[in-house]
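Engineer: In the order they appear, the protein sequences are chains S and H. Mapping to the working numbering: the first sequence position 3 is 678, numbers consecutive. Mapping to the working numbering: the second sequence position 90 is 77, numbers consecutive. Ideal Cβ positions, reconstructed from N, Cα and C, are used throughout, including at glycine. Quick one: this structure, given as C-alpha cells, is what I'll be asking you about.
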Amino acid sequence: KNQVEQSPQSLIILEGKNCTLQCNYTVSPFSNLRWYKQDTGRGPVSLTIMTFSENTKSNGRYTATLDADTKQSSLHITASQLSDSASYICVVSRTPLVFGKGTRLSVIA
Amino acid sequence: DAGITQSPRYKITETGRQVTLMCHQTWSHSYMFWYRQDLGHGLRLIYYSAAADITDKGEVPDGYVVSRSKTENFPLTLESATRSQTSVYFCASGPAGGLSSYEQYFGPGTRLTVT
C-alpha cells in the first residue's frame, strides 16, 4: 500500500532554533515529492517540489532533502520564527496524490 | 485577484439534508479537486475534474456528487448528509500537465458539521 509517514506528529521549539521534520514513504514510482505548509484554518501552501532525481531544494529558510534510495525526505527549518507555527505536510505525487498526516510545529517565544 | 474561493466557510446541517459546497477559481486552471481533511487522516481526494464536463472519482467518493459546467466552478454536493461527512473540505485547482505532476493551489476550506 502506498503510504507516507511523517514524524514527529508534533514538535515544540524555541524561536530562533532550527528543526528537522521527517517523511518516510513507500510510494513507488512517483513523479515528485512536495512539502506543504498549512496554517491553522487555512488551506495548504506549497513550500518545495522535488523530482525523484533531486537531492535538495531550498525556499528561504526552508530546505527539503530527498533520498530516493532510502525513501526518506526531510524538511529543515532554519532560525525558526513564530510565523513558522503550522502543520507541515509531505506529499508524494502519484495518481492520486498521497498525503502524509502532517507534523504540527509550534514555535514559542 | 481572489485566486480560489470557497463558500460557505462554515456550515452546520442536519443528517439527511442536501448540502452544496461551492468552489470558484479565477486562474482558468484545467484541473480542480475536492479533498476532505479529518483528524488522524491526511488529505483524501473525493473527486477531481480535468476540464469542464469531465469528472472522476478519487479515493473517497461515496455520498458525494460533483459537476463542472464551467471551468471556474466546481461544486460539491452531499445528497443526504451523514455524521461521518463532518469534516473540513478543501477545493484545489491546478494547471494542465498530468494528474500528478502539476502544482495545486488550495482554497481556504469549508468546515462542515452534520448533526
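Counting along the chain, where does the beta strand (DSSP E) carrying Ser749/S start and finish?
Structural biologist: Element bounds for Ser749/S: 747 to 752.
Engineer: Could you spell out the range, first to last residue, of the beta strand (DSSP E) harbouring Asn693/S?
Structural biologist: Per DSSP, Asn693/S belongs to no beta strand (DSSP E) and is neither H nor E.
Engineer: Cβ-heavy atom distance between Val720/S and the ligand SAM below 7 Å?
Structural biologist: The ligand SAM is not part of this structure, which contains no ligands at all.
Engineer: With a Cβ-Cβ cutoff of 8 Å, do Tyr737/S and Leu750/S count as a contact?
Structural biologist: Result yes, Cβ atoms of Tyr737/S and Leu750/S sit closer than 8 Å.
Engineer: Measuring alpha carbon to alpha carbon, tell me which residue in Gln12/H, Gly81/H, Thr7/H is nearest Val52/H.
Structural biologist: If we check each option's Cα against that of Val52/H, Thr7/H comes out closest.
Engineer: At a CB-CB cut-off below 8 Å, which residues of chain S make contact with Pro62/H?
Structural biologist: Chain S residues near Pro62/H: none, gap ~17 Å exceeds 8 Å.
Engineer: For Tyr34/H, is the classification buried or exposed, using 16 other Cβ atoms within 10 angstroms of its Cβ as the cut-off for buried?
Structural biologist: Label assigned to Tyr34/H: buried.
Engineer: Give the interface partners of Ser758/S over in chain H, defined as CB-CB distance under 7 Å, in chain order.
Structural biologist: None at all; the shortest Cβ gap to chain H is about 18 Å.
Engineer: I'd like to know if Gly691/S contacts chain H, where contact means its C-beta is closer than 8 Å to some C-beta of that chain.
Structural biologist: No, Gly691/S does not count as interfacial toward chain H.
Engineer: Closest to Cys78/H by C-alpha separation, out of Gln91/H, Gln72/H, Thr69/H, Ser71/H, would be which residue?
Structural biologist: Comparing Cα positions, the closest option is Gln91/H.
Engineer: Counting contacts by CB-CB distance shorter than 8 Å, is Pro82/H in contact with chain S?
Structural biologist: No, Pro82/H does not count as interfacial toward chain S.
Engineer: Could you work out which residue in Val101/H, Pro95/H, Leu99/H is closest to Asp714/S when comparing CA atoms only?
Structural biologist: Nearest C-alpha to Asp714/S: Pro95/H.
Engineer: Report the residue ranges of all beta strand (DSSP E) runs contained in full by the segment -2 to 58 of chain H; include only those spanning at least 3 residues, in chain order.
Structural biologist: Segments of the beta strand (DSSP E) lying fully in the segment -2 to 58 of chain H: 6 to 12, 18 to 24, 31 to 38, 41 to 44, 51 to 53.
Engineer: Per DSSP, Phe774/S forms a beta bridge with which residues?
Structural biologist: Val766/S, per the DSSP bridge assignment.
Engineer: Inspect the beta-carbon positions of Ala39/H and Thr58/H and report whether they are closer than 8 Å.
Structural biologist: Yes, Cβ-Cβ distance for Ala39/H and Thr58/H is below 8 Å.
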